[in-house]
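This report concerns only the one structure given below.
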Amino acid sequence: ANDNMLSDLPSTQLPANPRSFFGRHDFVESGVQVLMGTQNAHLAILGPVGMGKTSAALKIVHDSRVIDRFGDYILWVPCEQATSIPLLFELLARSIHLSTSASPDRFKEIIKALRSIPALVLLLDNFETLWDIPGKQSDVGDILACLAQIPSVSLVLTMRGSYNPASESVDWAELPPLTKLELSAAREAFLKICPSASNDTQLDALLDELDCVPLAITLMAHMAKGRETPSDLLSRWRSERTKMLSRLGGDRRNSIDTSIQLSLDSNLVKATPGAMELLRVIAKLPAGANVARLPEICQSIPSWRAALNVLDEVALTYGWTDKSWVHILSPIRSYIQLYHPLQGELLKDLQQAYYALAEKGSEEPGDSEFLSNVKEISEEEANIEAVVIEALTLSDQVRDMALNASLNYSIYCYWSHPQITLISVAVAAAQTSSSPLLPKCLQSLGNILHMQDKYDEARSAFEDARATFVKLGDQLGAAQ
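Be aware that the sequence shown starts at 3, since it is given in my numbering, and climbs by one per residue.
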(Lines of atoms letter the chains of each structure in order from A and count residues from 1; the text may use other names and numbers.)
(Lines give C-alpha, C1' and ligand atoms only; values in the text may rest on other atoms or scores of the structure.)
Protein backbone atom coordinates (compact mmCIF):
# COMPACT_ATOMS: atom_id res chain seq x y z
CA ALA A 1 0.00 0.00 0.00
CA ASN A 2 1.51 3.33 -0.97
CA ASP A 3 1.69 6.38 1.30
CA ASN A 4 -1.10 8.26 -0.51
CA MET A 5 -3.48 5.35 -0.11
CA LEU A 6 -2.59 4.97 3.55
CA SER A 7 -3.19 8.67 4.23
CA ASP A 8 -6.65 8.34 2.66
CA LEU A 9 -7.73 5.43 4.86
CA PRO A 10 -10.65 6.21 7.19
CA SER A 11 -10.35 6.51 10.95
CA THR A 12 -10.52 3.29 12.96
CA GLN A 13 -12.12 5.01 15.94
CA LEU A 14 -15.36 3.26 16.86
CA PRO A 15 -18.37 5.44 15.85
CA ALA A 16 -20.86 6.52 18.46
CA ASN A 17 -23.94 4.54 19.44
CA PRO A 18 -26.73 5.49 16.96
CA ARG A 19 -29.27 7.77 18.64
CA SER A 20 -32.13 7.00 16.27
CA PHE A 21 -32.75 3.29 15.98
CA PHE A 22 -36.14 1.66 15.64
CA GLY A 23 -37.65 -1.73 14.99
CA ARG A 24 -34.54 -3.91 15.29
CA HIS A 25 -34.49 -4.55 19.03
CA ASP A 26 -35.04 -8.31 18.81
CA PHE A 27 -32.29 -8.55 16.20
CA VAL A 28 -29.89 -6.53 18.37
CA GLU A 29 -30.68 -8.64 21.42
CA SER A 30 -29.96 -11.80 19.42
CA GLY A 31 -26.62 -10.33 18.35
CA VAL A 32 -25.72 -9.38 21.91
CA GLN A 33 -26.56 -12.90 23.09
CA VAL A 34 -24.28 -14.35 20.39
CA LEU A 35 -21.33 -12.24 21.60
CA MET A 36 -22.04 -12.99 25.24
CA GLY A 37 -22.57 -16.71 24.67
CA THR A 38 -19.06 -17.87 23.78
CA GLN A 39 -15.57 -16.38 23.69
CA ASN A 40 -15.09 -17.01 19.97
CA ALA A 41 -18.40 -15.88 18.42
CA HIS A 42 -18.93 -14.77 14.83
CA LEU A 43 -21.82 -12.67 13.63
CA ALA A 44 -22.53 -11.54 10.04
CA ILE A 45 -25.13 -8.80 9.58
CA LEU A 46 -26.43 -9.08 6.03
CA GLY A 47 -29.11 -7.42 3.91
CA PRO A 48 -29.83 -5.16 0.94
CA VAL A 49 -28.73 -1.55 0.52
CA GLY A 50 -30.03 0.99 3.02
CA MET A 51 -31.20 -1.51 5.65
CA GLY A 52 -29.16 -0.10 8.53
CA LYS A 53 -26.63 -2.92 8.82
CA THR A 54 -23.92 -0.67 10.26
CA SER A 55 -26.36 0.89 12.74
CA ALA A 56 -27.45 -2.56 13.92
CA ALA A 57 -23.82 -3.62 14.38
CA LEU A 58 -23.02 -0.48 16.37
CA LYS A 59 -26.09 -0.99 18.55
CA ILE A 60 -24.89 -4.51 19.33
CA VAL A 61 -21.32 -3.57 20.26
CA HIS A 62 -22.42 -0.51 22.26
CA ASP A 63 -24.72 -2.60 24.45
CA SER A 64 -23.63 -2.23 28.07
CA ARG A 65 -23.17 -5.99 28.47
CA VAL A 66 -20.83 -6.16 25.48
CA ILE A 67 -18.86 -3.13 26.70
CA ASP A 68 -18.55 -4.65 30.19
CA ARG A 69 -17.12 -7.82 28.66
CA PHE A 70 -14.78 -6.39 26.03
CA GLY A 71 -13.99 -2.90 27.37
CA ASP A 72 -11.72 -0.94 25.05
CA TYR A 73 -11.20 -3.92 22.77
CA ILE A 74 -14.10 -3.37 20.41
CA LEU A 75 -12.14 -2.60 17.28
CA TRP A 76 -13.62 -0.77 14.30
CA VAL A 77 -12.35 -1.79 10.85
CA PRO A 78 -14.12 0.27 8.13
CA CYS A 79 -13.57 -1.81 4.98
CA GLU A 80 -15.29 0.56 2.56
CA GLN A 81 -11.95 1.84 1.24
CA ALA A 82 -10.07 -1.45 1.62
CA THR A 83 -9.84 -2.09 -2.10
CA SER A 84 -6.87 -4.43 -1.70
CA ILE A 85 -5.61 -6.94 0.84
CA PRO A 86 -2.61 -4.74 1.87
CA LEU A 87 -5.04 -1.91 2.66
CA LEU A 88 -7.08 -4.30 4.81
CA PHE A 89 -3.90 -5.22 6.70
CA GLU A 90 -3.20 -1.54 7.36
CA LEU A 91 -6.73 -0.98 8.65
CA LEU A 92 -6.40 -3.98 10.96
CA ALA A 93 -2.99 -2.71 12.13
CA ARG A 94 -4.37 0.76 12.85
CA SER A 95 -7.27 -0.69 14.84
CA ILE A 96 -4.80 -2.34 17.23
CA HIS A 97 -2.37 0.62 17.12
CA LEU A 98 0.48 -1.10 15.30
CA SER A 99 2.92 1.27 13.64
CA THR A 100 2.98 1.54 9.85
CA SER A 101 5.16 -1.10 8.25
CA ALA A 102 5.99 -2.52 4.84
CA SER A 103 6.91 -5.88 6.32
CA PRO A 104 6.09 -8.90 4.13
CA ASP A 105 5.01 -10.58 7.37
CA ARG A 106 2.45 -7.87 8.14
CA PHE A 107 -0.44 -10.27 8.64
CA LYS A 108 1.64 -12.42 11.01
CA GLU A 109 2.38 -9.29 13.07
CA ILE A 110 -1.36 -8.54 13.20
CA ILE A 111 -2.25 -12.09 14.24
CA LYS A 112 0.41 -12.02 16.97
CA ALA A 113 -0.94 -8.72 18.32
CA LEU A 114 -4.52 -9.96 18.27
CA ARG A 115 -3.55 -13.14 20.15
CA SER A 116 -2.06 -11.02 22.93
CA ILE A 117 -5.45 -9.46 23.73
CA PRO A 118 -7.53 -11.61 26.13
CA ALA A 119 -10.88 -10.87 24.47
CA LEU A 120 -11.84 -8.55 21.64
CA VAL A 121 -14.44 -7.83 18.96
CA LEU A 122 -13.39 -7.01 15.42
CA LEU A 123 -16.16 -5.11 13.67
CA LEU A 124 -15.52 -5.38 9.93
CA ASP A 125 -17.92 -2.87 8.35
CA ASN A 126 -18.89 -2.91 4.64
CA PHE A 127 -16.99 -6.13 4.08
CA GLU A 128 -18.45 -6.52 0.57
CA THR A 129 -15.73 -4.16 -0.71
CA LEU A 130 -13.11 -6.80 0.05
CA TRP A 131 -15.26 -9.77 -0.84
CA ASP A 132 -15.84 -8.31 -4.28
CA ILE A 133 -12.16 -7.78 -5.25
CA PRO A 134 -11.74 -9.61 -8.57
CA GLY A 135 -9.91 -12.92 -8.22
CA LYS A 136 -9.28 -12.43 -4.49
CA GLN A 137 -12.32 -13.97 -2.84
CA SER A 138 -10.43 -17.13 -1.86
CA ASP A 139 -7.57 -15.11 -0.33
CA VAL A 140 -9.99 -12.83 1.54
CA GLY A 141 -11.84 -15.90 2.80
CA ASP A 142 -8.56 -17.36 4.09
CA ILE A 143 -7.82 -14.12 5.97
CA LEU A 144 -11.29 -14.18 7.51
CA ALA A 145 -10.82 -17.82 8.54
CA CYS A 146 -7.46 -17.01 10.18
CA LEU A 147 -9.04 -14.19 12.19
CA ALA A 148 -11.94 -16.43 13.20
CA GLN A 149 -9.58 -19.15 14.45
CA ILE A 150 -8.01 -16.88 17.08
CA PRO A 151 -9.72 -18.07 20.31
CA SER A 152 -9.94 -14.59 21.81
CA VAL A 153 -11.41 -12.91 18.71
CA SER A 154 -15.12 -12.46 18.04
CA LEU A 155 -16.06 -11.17 14.58
CA VAL A 156 -18.94 -8.84 13.77
CA LEU A 157 -19.20 -8.22 10.03
CA THR A 158 -21.61 -6.12 7.97
CA MET A 159 -22.05 -6.86 4.29
CA ARG A 160 -24.46 -6.21 1.45
CA GLY A 161 -25.82 -9.58 0.45
CA SER A 162 -27.76 -12.62 1.62
CA TYR A 163 -25.02 -15.21 2.23
CA ASN A 164 -22.27 -15.38 4.85
CA PRO A 165 -18.74 -15.04 3.42
CA ALA A 166 -16.32 -17.95 3.84
CA SER A 167 -19.14 -20.00 5.34
CA GLU A 168 -17.23 -23.25 4.84
CA SER A 169 -14.45 -22.10 7.20
CA VAL A 170 -16.14 -19.68 9.62
CA ASP A 171 -18.82 -20.83 12.04
CA TRP A 172 -21.27 -17.92 11.72
CA ALA A 173 -24.18 -17.53 14.13
CA GLU A 174 -27.61 -18.07 12.63
CA LEU A 175 -29.14 -14.62 12.11
CA PRO A 176 -31.50 -13.73 9.27
CA PRO A 177 -30.61 -10.88 6.88
CA LEU A 178 -32.10 -7.52 7.80
CA THR A 179 -35.29 -6.67 5.94
CA LYS A 180 -37.51 -3.60 5.73
CA LEU A 181 -38.97 -2.09 8.90
CA GLU A 182 -42.48 -2.65 10.14
CA LEU A 183 -44.68 0.36 9.36
CA SER A 184 -44.92 1.38 13.04
CA ALA A 185 -41.11 1.41 13.38
CA ALA A 186 -40.75 3.28 10.09
CA ARG A 187 -43.18 5.91 11.38
CA GLU A 188 -41.19 6.26 14.63
CA ALA A 189 -37.97 6.69 12.69
CA PHE A 190 -39.47 9.39 10.46
CA LEU A 191 -41.06 11.31 13.34
CA LYS A 192 -37.86 11.21 15.40
CA ILE A 193 -36.28 13.39 12.71
CA CYS A 194 -39.40 15.35 11.72
CA PRO A 195 -41.97 15.46 14.59
CA SER A 196 -44.08 18.05 12.76
CA ALA A 197 -45.24 15.36 10.31
CA SER A 198 -47.20 13.44 12.94
CA ASN A 199 -50.60 14.65 11.77
CA ASP A 200 -50.02 14.32 8.03
CA THR A 201 -52.52 11.83 6.62
CA GLN A 202 -50.14 10.82 3.81
CA LEU A 203 -47.20 9.83 6.03
CA ASP A 204 -48.01 6.11 6.05
CA ALA A 205 -48.59 6.15 2.30
CA LEU A 206 -45.17 7.76 1.81
CA LEU A 207 -43.47 5.18 4.03
CA ASP A 208 -45.24 2.38 2.19
CA GLU A 209 -44.05 3.73 -1.16
CA LEU A 210 -40.49 3.72 0.24
CA ASP A 211 -40.96 0.06 1.26
CA CYS A 212 -40.00 1.12 4.81
CA VAL A 213 -36.29 1.08 3.91
CA PRO A 214 -34.40 2.80 6.78
CA LEU A 215 -31.96 4.87 4.67
CA ALA A 216 -34.77 6.08 2.41
CA ILE A 217 -36.86 7.02 5.46
CA THR A 218 -33.96 8.95 7.02
CA LEU A 219 -33.22 10.91 3.86
CA MET A 220 -36.90 11.67 3.25
CA ALA A 221 -37.46 12.76 6.87
CA HIS A 222 -34.59 15.25 6.64
CA MET A 223 -36.24 16.67 3.53
CA ALA A 224 -39.49 17.00 5.46
CA LYS A 225 -37.73 19.14 8.07
CA GLY A 226 -37.77 21.90 5.48
CA ARG A 227 -40.98 23.24 4.05
CA GLU A 228 -42.21 20.07 2.38
CA THR A 229 -44.87 17.90 4.01
CA PRO A 230 -45.11 14.11 3.60
CA SER A 231 -47.96 14.81 1.15
CA ASP A 232 -45.65 17.04 -0.92
CA LEU A 233 -42.86 14.46 -0.76
CA LEU A 234 -45.19 11.66 -1.83
CA SER A 235 -46.10 13.60 -4.97
CA ARG A 236 -42.44 14.30 -5.70
CA TRP A 237 -41.46 10.66 -5.11
CA ARG A 238 -44.01 9.48 -7.66
CA SER A 239 -42.40 11.67 -10.31
CA GLU A 240 -38.73 11.91 -9.30
CA ARG A 241 -38.17 8.59 -7.49
CA THR A 242 -34.66 7.92 -6.16
CA LYS A 243 -33.14 11.11 -7.64
CA MET A 244 -34.61 13.03 -4.71
CA LEU A 245 -33.08 10.73 -2.08
CA SER A 246 -29.61 12.17 -1.71
CA ARG A 247 -28.08 14.80 0.53
CA LEU A 248 -24.65 15.95 1.63
CA GLY A 249 -22.94 14.66 -1.50
CA GLY A 250 -22.78 11.23 -3.06
CA ASP A 251 -21.61 9.16 -0.09
CA ARG A 252 -23.36 5.78 0.20
CA ARG A 253 -24.63 6.78 3.64
CA ASN A 254 -26.38 9.82 2.20
CA SER A 255 -27.61 8.63 -1.18
CA ILE A 256 -29.86 5.76 -2.15
CA ASP A 257 -28.65 6.05 -5.75
CA THR A 258 -25.00 5.69 -4.73
CA SER A 259 -25.74 2.67 -2.55
CA ILE A 260 -27.71 0.91 -5.27
CA GLN A 261 -25.13 1.61 -7.96
CA LEU A 262 -22.43 0.10 -5.73
CA SER A 263 -24.42 -3.13 -5.68
CA LEU A 264 -24.90 -3.04 -9.46
CA ASP A 265 -21.17 -2.44 -9.92
CA SER A 266 -20.20 -5.51 -7.90
CA ASN A 267 -17.94 -7.87 -9.81
CA LEU A 268 -20.31 -10.76 -9.15
CA VAL A 269 -23.15 -8.96 -10.96
CA LYS A 270 -20.90 -7.80 -13.78
CA ALA A 271 -19.44 -11.27 -14.28
CA THR A 272 -22.80 -13.04 -14.44
CA PRO A 273 -24.41 -13.13 -17.91
CA GLY A 274 -27.97 -11.87 -17.84
CA ALA A 275 -27.92 -10.56 -14.25
CA MET A 276 -28.66 -6.92 -15.17
CA GLU A 277 -31.17 -7.97 -17.84
CA LEU A 278 -33.05 -10.14 -15.36
CA LEU A 279 -33.04 -7.33 -12.79
CA ARG A 280 -34.59 -5.04 -15.41
CA VAL A 281 -37.33 -7.63 -16.02
CA ILE A 282 -38.17 -8.05 -12.33
CA ALA A 283 -38.17 -4.27 -11.84
CA LYS A 284 -41.05 -4.06 -14.33
CA LEU A 285 -43.25 -6.18 -12.07
CA PRO A 286 -44.64 -4.37 -9.00
CA ALA A 287 -46.04 -7.59 -7.51
CA GLY A 288 -42.72 -9.37 -7.98
CA ALA A 289 -41.83 -12.06 -10.49
CA ASN A 290 -43.45 -15.47 -10.49
CA VAL A 291 -40.42 -17.71 -11.02
CA ALA A 292 -42.56 -20.21 -12.95
CA ARG A 293 -43.19 -17.50 -15.57
CA LEU A 294 -39.54 -16.52 -16.01
CA PRO A 295 -38.67 -19.21 -18.63
CA GLU A 296 -41.38 -17.73 -20.87
CA ILE A 297 -40.23 -14.15 -20.30
CA CYS A 298 -36.48 -14.75 -20.29
CA GLN A 299 -36.08 -16.68 -23.52
CA SER A 300 -33.09 -14.49 -24.41
CA ILE A 301 -31.44 -15.15 -21.01
CA PRO A 302 -30.57 -18.86 -21.08
CA SER A 303 -28.72 -18.54 -17.76
CA TRP A 304 -31.53 -16.71 -15.97
CA ARG A 305 -31.57 -19.13 -13.03
CA ALA A 306 -27.85 -18.59 -12.32
CA ALA A 307 -28.45 -14.84 -12.67
CA LEU A 308 -31.31 -15.05 -10.18
CA ASN A 309 -29.04 -16.78 -7.67
CA VAL A 310 -26.50 -13.97 -8.00
CA LEU A 311 -29.11 -11.21 -7.58
CA ASP A 312 -30.28 -12.98 -4.44
CA GLU A 313 -26.71 -13.37 -3.17
CA VAL A 314 -25.96 -9.64 -3.48
CA ALA A 315 -29.40 -8.77 -2.02
CA LEU A 316 -30.67 -6.85 -5.04
CA THR A 317 -33.69 -9.15 -4.86
CA TYR A 318 -35.37 -10.90 -1.97
CA GLY A 319 -38.07 -13.42 -1.15
CA TRP A 320 -36.90 -16.34 -3.25
CA THR A 321 -36.72 -18.62 -0.21
CA ASP A 322 -39.66 -20.74 -1.36
CA LYS A 323 -38.43 -20.68 -4.99
CA SER A 324 -41.77 -19.35 -6.27
CA TRP A 325 -41.68 -15.52 -6.21
CA VAL A 326 -38.88 -12.95 -6.21
CA HIS A 327 -39.19 -9.27 -5.31
CA ILE A 328 -37.23 -6.01 -5.44
CA LEU A 329 -37.44 -3.29 -2.79
CA SER A 330 -39.21 -0.16 -4.00
CA PRO A 331 -36.16 2.19 -4.06
CA ILE A 332 -34.11 -0.36 -6.03
CA ARG A 333 -37.00 -1.01 -8.41
CA SER A 334 -37.45 2.72 -9.01
CA TYR A 335 -33.72 3.21 -9.60
CA ILE A 336 -33.58 0.39 -12.16
CA GLN A 337 -36.60 1.72 -14.03
CA LEU A 338 -35.15 5.23 -14.06
CA TYR A 339 -31.53 4.51 -15.05
CA HIS A 340 -31.61 0.99 -16.52
CA PRO A 341 -35.01 0.61 -18.24
CA LEU A 342 -36.04 -2.62 -19.94
CA GLN A 343 -35.94 -2.37 -23.73
CA GLY A 344 -35.79 -4.40 -26.94
CA GLU A 345 -36.62 -8.09 -27.25
CA LEU A 346 -36.80 -8.68 -23.51
CA LEU A 347 -39.49 -6.03 -23.20
CA LYS A 348 -41.42 -7.63 -26.07
CA ASP A 349 -41.12 -11.07 -24.44
CA LEU A 350 -42.37 -9.62 -21.14
CA GLN A 351 -45.34 -7.99 -22.86
CA GLN A 352 -46.23 -11.16 -24.76
CA ALA A 353 -46.12 -13.22 -21.57
CA TYR A 354 -48.58 -10.90 -19.84
CA TYR A 355 -50.81 -10.56 -22.90
CA ALA A 356 -51.06 -14.37 -22.86
CA LEU A 357 -51.89 -14.32 -19.17
CA ALA A 358 -54.55 -11.64 -19.73
CA GLU A 359 -56.05 -13.76 -22.51
CA LYS A 360 -56.83 -16.42 -19.91
CA GLY A 361 -59.20 -13.88 -18.40
CA SER A 362 -61.54 -14.19 -21.39
CA GLU A 363 -63.07 -17.41 -20.05
CA GLU A 364 -66.39 -17.27 -18.23
CA PRO A 365 -67.96 -19.24 -15.34
CA GLY A 366 -68.63 -22.78 -16.47
CA ASP A 367 -65.58 -22.95 -18.74
CA SER A 368 -63.25 -25.79 -17.77
CA GLU A 369 -60.25 -23.59 -16.92
CA PHE A 370 -62.16 -20.67 -15.40
CA LEU A 371 -61.32 -21.23 -11.71
CA SER A 372 -57.64 -22.06 -12.25
CA ASN A 373 -57.24 -19.06 -14.57
CA VAL A 374 -58.88 -16.74 -12.04
CA LYS A 375 -56.43 -17.89 -9.36
CA GLU A 376 -53.44 -17.42 -11.67
CA ILE A 377 -54.50 -13.95 -12.79
CA SER A 378 -55.47 -12.78 -9.30
CA GLU A 379 -51.86 -13.22 -8.15
CA GLU A 380 -50.60 -11.00 -10.96
CA GLU A 381 -53.20 -8.26 -11.29
CA ALA A 382 -50.68 -5.50 -10.50
CA ASN A 383 -48.18 -6.94 -13.00
CA ILE A 384 -50.70 -7.27 -15.82
CA GLU A 385 -51.92 -3.72 -15.27
CA ALA A 386 -48.39 -2.27 -15.10
CA VAL A 387 -47.18 -4.02 -18.26
CA VAL A 388 -50.30 -3.35 -20.31
CA ILE A 389 -50.77 0.27 -19.21
CA GLU A 390 -47.20 1.08 -20.26
CA ALA A 391 -47.73 -0.68 -23.61
CA LEU A 392 -50.84 1.42 -24.24
CA THR A 393 -48.56 4.45 -24.57
CA LEU A 394 -46.32 2.91 -27.26
CA SER A 395 -46.55 2.46 -31.04
CA ASP A 396 -49.80 1.61 -32.84
CA GLN A 397 -48.95 -2.08 -33.26
CA VAL A 398 -47.99 -2.51 -29.61
CA ARG A 399 -51.01 -0.43 -28.54
CA ASP A 400 -53.44 -2.63 -30.46
CA MET A 401 -52.09 -5.77 -28.78
CA ALA A 402 -52.33 -4.02 -25.43
CA LEU A 403 -55.95 -3.02 -26.15
CA ASN A 404 -56.83 -6.64 -26.87
CA ALA A 405 -55.12 -7.66 -23.62
CA SER A 406 -57.14 -4.98 -21.81
CA LEU A 407 -60.39 -6.37 -23.23
CA ASN A 408 -59.51 -9.92 -22.15
CA TYR A 409 -58.51 -8.73 -18.70
CA SER A 410 -61.75 -6.74 -18.40
CA ILE A 411 -63.73 -10.00 -18.71
CA TYR A 412 -61.77 -11.37 -15.74
CA CYS A 413 -62.52 -8.16 -13.84
CA TYR A 414 -66.22 -8.40 -14.71
CA TRP A 415 -66.59 -11.92 -13.32
CA SER A 416 -64.04 -11.93 -10.53
CA HIS A 417 -62.86 -8.51 -9.38
CA PRO A 418 -64.89 -5.59 -10.75
CA GLN A 419 -62.42 -2.73 -11.07
CA ILE A 420 -61.79 -0.35 -13.94
CA THR A 421 -58.12 0.69 -13.55
CA LEU A 422 -56.89 -0.87 -16.79
CA ILE A 423 -60.00 -0.60 -18.97
CA SER A 424 -60.27 3.14 -18.20
CA VAL A 425 -56.72 3.69 -19.48
CA ALA A 426 -57.52 1.50 -22.49
CA VAL A 427 -60.55 3.65 -23.33
CA ALA A 428 -58.42 6.81 -23.21
CA ALA A 429 -55.71 5.20 -25.38
CA ALA A 430 -58.29 3.98 -27.91
CA GLN A 431 -59.84 7.44 -28.08
CA THR A 432 -56.46 9.10 -28.63
CA SER A 433 -55.50 6.70 -31.42
CA SER A 434 -59.00 6.45 -32.96
CA SER A 435 -58.75 2.68 -32.59
CA PRO A 436 -61.58 0.52 -33.98
CA LEU A 437 -61.46 -1.27 -30.61
CA LEU A 438 -62.79 1.85 -28.85
CA PRO A 439 -66.48 0.78 -28.79
CA LYS A 440 -65.58 -2.64 -27.34
CA CYS A 441 -63.48 -0.93 -24.66
CA LEU A 442 -66.40 1.38 -23.83
CA GLN A 443 -68.75 -1.60 -23.69
CA SER A 444 -66.42 -3.45 -21.32
CA LEU A 445 -66.13 -0.35 -19.15
CA GLY A 446 -69.92 -0.13 -18.99
CA ASN A 447 -70.19 -3.81 -18.02
CA ILE A 448 -67.83 -3.42 -15.07
CA LEU A 449 -69.43 -0.14 -13.94
CA HIS A 450 -72.78 -1.94 -13.98
CA MET A 451 -71.30 -4.68 -11.76
CA GLN A 452 -70.13 -1.94 -9.41
CA ASP A 453 -73.74 -0.64 -9.21
CA LYS A 454 -72.68 2.62 -10.87
CA TYR A 455 -75.66 2.60 -13.20
CA ASP A 456 -75.54 6.18 -14.48
CA GLU A 457 -71.87 5.90 -15.41
CA ALA A 458 -72.51 2.50 -16.98
CA ARG A 459 -75.36 3.88 -19.08
CA SER A 460 -73.14 6.72 -20.31
CA ALA A 461 -70.41 4.25 -21.32
CA PHE A 462 -72.95 2.03 -23.13
CA GLU A 463 -74.36 5.02 -25.00
CA ASP A 464 -70.87 6.10 -26.07
CA ALA A 465 -70.13 2.54 -27.18
CA ARG A 466 -73.34 2.34 -29.23
CA ALA A 467 -72.68 5.71 -30.90
CA THR A 468 -69.13 4.64 -31.79
CA PHE A 469 -70.30 1.28 -33.19
CA VAL A 470 -72.82 3.15 -35.37
CA LYS A 471 -70.14 5.60 -36.52
CA LEU A 472 -67.95 2.65 -37.53
CA GLY A 473 -70.86 1.00 -39.38
CA ASP A 474 -70.98 -1.99 -36.99
CA GLN A 475 -74.73 -2.51 -36.61
CA LEU A 476 -74.34 -5.81 -34.74
CA GLY A 477 -72.08 -4.16 -32.19
CA ALA A 478 -74.53 -1.28 -31.79
CA ALA A 479 -77.38 -3.74 -31.24
CA GLN A 480 -75.49 -5.37 -28.37
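No residue lacks a Cβ here, since even glycine has one placed at the ideal position from N, Cα and C.
Since we're looking at a predicted model, the values are computed, not measured.
Enclosing beta strand (DSSP E) for residue i [first to last residue]
i	result
Pro80	76-80
Closest residue to residue i among the options (Cα-Cα distance)
i	options	result
Pro178	Ile47, Arg401, Gly448, Pro343	Ile47
Glu315	Val51, Leu16, Asn42	Val51
Asp398	Glu378, Leu235, Thr434	Thr434
Asp28	Ala59, Ser374, Ser86, Pro88	Ala59
Leu444	Gln454, Val427, Asp455	Val427
Val63	Gly25, Asn19, Lys55, Ala84	Asn19
Val376	Met222, Ile386, Glu365	Glu365
Leu37	Asp234, Arg67, Phe24	Arg67
Asn269	Gly143, Gly137, Gln301, Leu116	Gly137
Leu16	Ser261, Arg117, Asp74	Asp74
Ala289	Lys61, Asp213, Pro120	Asp213
Tyr416	Ile112, Ser446, Leu281, Ser97	Ser446
Met161	Arg401, Ala115, Ser261	Ser261
His224	Ile195, Ile152, Pro216, Ala207	Ile195
Ala150	Ala121, Ser200, Ser305	Ala121
Thr14	Ala384, Leu94, Arg401	Leu94
Leu405	Phe464, Ile69, Ser105, Ala431	Ala431
His329	Glu392, Pro420, Ala469, Glu382	Glu382
Glu298	Ser186, Glu347, Phe23, Gln263	Glu347
Glu242	Pro333, Glu465, Ser171	Pro333
His452	Asp259, His419, Leu439	His419
Ala460	Arg189, Ile422, Gln345, Ser22	Ile422
Ile76	Leu217, Glu31, Ser154	Ser154
Gln345	Thr181, Gly49, Leu280, Asp402	Leu280
Val472	Asp458, Tyr457, Pro438, Asp455	Pro438
Ile135	Asp267, Glu371, Phe72	Asp267
Met278	Ile303, Leu296, Asp259, Leu394	Ile303
Pro80	Glu378, Ile145, Phe91	Phe91
Pro197	Thr181, Val30, Lys227	Lys227
Leu180	Glu371, Tyr320, Asp369, Ala147	Tyr320
Leu440	Asp458, Glu465, Phe109	Glu465
Ala384	Ile284, Asp402, Ile338, Thr470	Ile284
Gln41	Val312, Arg307, Ile152, Trp133	Ile152
Range covered by the alpha helix (DSSP H) that runs through residue i
i	result
Val475	Here residue 475 turns out to be Gly, not Val, going by the sequence shown. Where Gly475 is concerned, there is no enclosing alpha helix (DSSP H), given that its DSSP letter is neither H nor E.
His27	27-39
Met403	398-418
Phe109	108-117
Ser261	258-266
Arg335	332-341
Val427	423-435
Glu279	277-285
Gly530	This structure cannot speak to residue 530, because the chain is shown only from 3 to 482.
Arg21	No alpha helix (DSSP H) contains Arg21, which DSSP labels as neither H nor E.
Lys442	440-453
Gly143	139-150
Glu315	306-315
Leu394	Segment: none, Leu394 is in no alpha helix (DSSP H) and carries neither H nor E.
Lys272	269-272
Glu366	Where Glu366 is concerned, there is no enclosing alpha helix (DSSP H), given that its DSSP letter is neither H nor E.
Ile379	372-380
Beta bridge counterpart(s) of residue i as assigned by DSSP
i	result
Leu126	Val79, Leu159
Trp327	Asn292
His44	Leu157
Tyr320	His329
Anticipated Cβ contact below 8 Å, residue i with residue j, distance rounded
i	j	result
Gly163	Ala317	5 Å
Leu352	Val389	6 Å
Leu126	Leu159	5 Å
Leu45	Gly33	6 Å
Tyr411	Leu424	6 Å
Pro167	Asp202	So it is not a contact: roughly 42 Å between Cβ atoms.
Thr131	Ala84	6 Å
Ala407	Tyr341	Ala407 to Tyr341, Cβ: 28 Å. No contact.
Ala191	Phe24	5 Å
Residue ranges of each alpha helix (DSSP H) run of no fewer than 4 residues wholly in the segment 50-102, ordered along the chain? Listed in chain order, they are 55-63, 66-72, 87-97.
Could you tell me which whole alpha helix (DSSP H) segments of length 4 or greater appear in the segment 161-239? List check, alpha helix (DSSP H) in window: 185-195, 205-211, 216-226.
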